[in-house]
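> What follows is a single structure, and I will ask about it in a moment.
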């Protein structure tokens, strides 16, 4: 699972970064994808900053 972040800087420039490539164990179900995604958000302390998925 590749996770990227996109945001607009203070100068209105589009910024983007690859946060992580996360190996999924088990089936690639919506539930497992969501668990892995939220684990990465917590790890980077981004949970309260996400507006859109």
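In my numbering, the protein residues as written are 1 to 53.
We treat Cβ as the ideally placed atom computed from N, Cα and C, and that holds for glycine.
1) Going by beta carbon distance, what residues of the same chain come within less than 7 Å of residue 19, once the five residues before and after it are set aside?
2) For residue 8 versus residue 14, is the C-beta spacing smaller than 8 Å?
3) Just reading off the alpha helix (DSSP H) that residue 13 is part of, what are its end residues?
4) In angstroms with no decimal places, state the Cα-to-Cα distance between residue 23 and residue 30.
Reading off the structure:
1) By 1-based counting over the chain shown, the position of residue 19 is 19. Result list for residue 19: 3, 4, 5, 40, 44, in chain order.
2) The count along the chain shown starts at 1 and reaches residue 8 at position 8. The count along the chain shown starts at 1 and reaches residue 14 at position 14. Yes, these two residues count as a Cβ contact at 8 Å.
3) Stepping through the chain shown from its first residue, residue 13 is reached at position 13. DSSP places residue 13 in no alpha helix (DSSP H); its state is neither H nor E.
4) Start at 1 with the first residue of the chain shown, and residue 23 comes out as number 23. Start at 1 with the first residue of the chain shown, and residue 30 comes out as number 30. Distance between residue 23 and residue 30, taken at the CA atoms: about 15 Å.
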